[in-house]
Structure formats: C-alpha cells, structure tokens
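With UniProt numbering as the guide, the letters of the sequence shown map in order to residues 1 to 110. Note that the Cβ used here is the ideal one computed from N, Cα and C, for glycine as well. Note that the structure is predicted; figures quoted are calculated from it, not measured. For reference, the structure discussed in these notes is given below.
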Amino acid sequence: MRPTYIRDAGYAFVSRKIAERTGNIKWLIRETPIALDDSGWRVLSDRDTAEYIRDSKNLFLADFNDICNLEPACIGIYDLPIGSNIQLVVEPDGRRRWFDNKTKKEIPFR
Numbered sequence: 001m002r003p004t005y006i007r008d009a010g011y012a013f014v015s016r017k018i019a020e021r022t023g024n025i026k027w028l029i030r031e032t033p034i035a036l037d038d039s040g041w042r043v044l045s046d047r048d049t050a051e052y053i054r055d056s057k058n059l060f061l062a063d064f065n066d067i068c069n070l071e072p073a074c075i076g077i078y079d080l081p082i083g084s085n086i087q088l089v090v091e092p093d094g095r096r097r098w099f100d101n102k103t104k105k106e107i108p109f110r
C-alpha cells in the first residue's frame, strides 16, 4: 500500500525523466487545474529542456502523493497558490530548500 501524505491531493503532470529516474525533481509550477482531480502542479526534472516538455508524450499523470514519496520535500509546498513557480535546491549536506523563481526568495517549509 502506498503512503498518503496529503488527502485528496489529486494528480500532477510529471516529466517522464522523473519516473524513469534519469532526472531529479527540480521545478514545480502550479497552474489552474484542467480537470476535477488535477492538483494544478506540473513537476519537471533537472534534466528537462523546453523542447522536451513541449512534447506531451514526455509528460504523464501521477498522484501527487507518489511525487511526495519520491521527494518528501514536496509535502511542504502542496498548498502554495496557483501561479507558484518554484525550484528545489538540494544542498551538499542533503538539506532541501525551495526558492520562488520569480522573487528568488527562499520559501520556508510549511
């Protein structure tokens, strides 16, 4: 049984590189959901290019809890509003920090 970190979290569009483990979770963007179960989150890897993500075959739907299972730091940012555009920075000591890509300011974990 897979863990549930966030009840009724819904789904996110996720880069295939994350599922294939050829890239790490790096960029998260929250858009207006396009379906009832859509969380609005778009999860991209550190290896994605604009060309790669333009091809819809390179994105798939995943339960947001599965994303949290891969990267627990995602639990703390789930409630950020639509329009959020953030990046995960993993420090050499393993510490995770989120930054707002618009303001360049650190986002504290919630």
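Within its own chain, no residue has a Cβ closer than 7 Å to the Cβ of residue 94 once the five positions on either side in sequence are excluded. One thing to note: residue 69 has its Cβ within 8 Å of the Cβ of residue 2. Residue 51 is bridged by DSSP to nothing; it lacks a bridge partner. Membership of residue 37 in any beta strand (DSSP E) is not indicated, and neither H nor E is assigned to it by DSSP.
By the Cβ-count criterion, residue 17 is buried, with 16 or more other Cβ atoms from all chains shown falling within 10 Å of its own Cβ. Rounded to whole angstroms, residue 100 and residue 52 show a C-alpha spacing of 23 Å. Taking all protein chains shown into account, residue 30 has 16 or more neighbouring C-beta atoms within 10 Å of its C-beta and is therefore buried. When DSSP states are grouped into helix, strand and coil, residue 9 belongs to the coil group.
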